[in-house]
Amino acid sequence: MVPPLNEETLFRGIMLNVFRSRYCWTMWLGALITSLLFVAAHSQYQNLLTLAELFLVGLITSVARIRSGGLLLPVLLHMEATTLGLLFG
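For the sequence shown, this note's numbering begins at 11 and goes up steadily by one.
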């Protein structure tokens, strides 16, 4: 499951880090923006429900990154979401 590691490094490790500043709200704005970019990166999916689920995964992994300060939790959550999508999607 390399894609979750690569994607979380890009979206939550690099992109979300761009929004770090003295102001807390910029991280939350970054969470919204990187979640939208995460959806855009998965544009091969045409179903609106799937895109909404991807946005939610982006938000959850962003919050996990902000709260934990690391990438392990977002990567594990992303792997779980991918596994559930493969099993039940």
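Glycine included, C-beta positions come from ideal geometry on N, C-alpha and C.
Asked: Taking a contact to mean a Cβ-Cβ separation below 8 angstroms, would you say R75 touches L39 in this structure?; Found: no
Asked: Classify L64 as buried or exposed, calling it buried when 16 or more other Cβ atoms lie within 10 Å of its own Cβ.; Found: buried
Asked: In chain order, what residues of the same chain lie with their CB nearer than 6 angstroms to the CB of G68, ignoring the 5 residues before and after it?; Found: S45, F48
Asked: Within its chain, find whatever has a CB closer than 7 angstroms to the CB of M89; leave out the 5 residues flanking it on each side and keep chain order.; Found: M11, P14
Asked: Does DSSP put M11 in a helix, in a strand, or in coil?; Found: coil
Asked: Given this structure, state the Cα-to-Cα distance separating G79 from T36, to the nearest angstrom.; Found: 15 angstroms
Asked: Look up S78 in the DSSP assignment and say whether it is helix, strand or coil.; Found: helix
Asked: Mind checking which residues open and close the alpha helix (DSSP H) that includes L46?; Found: 34 to 51
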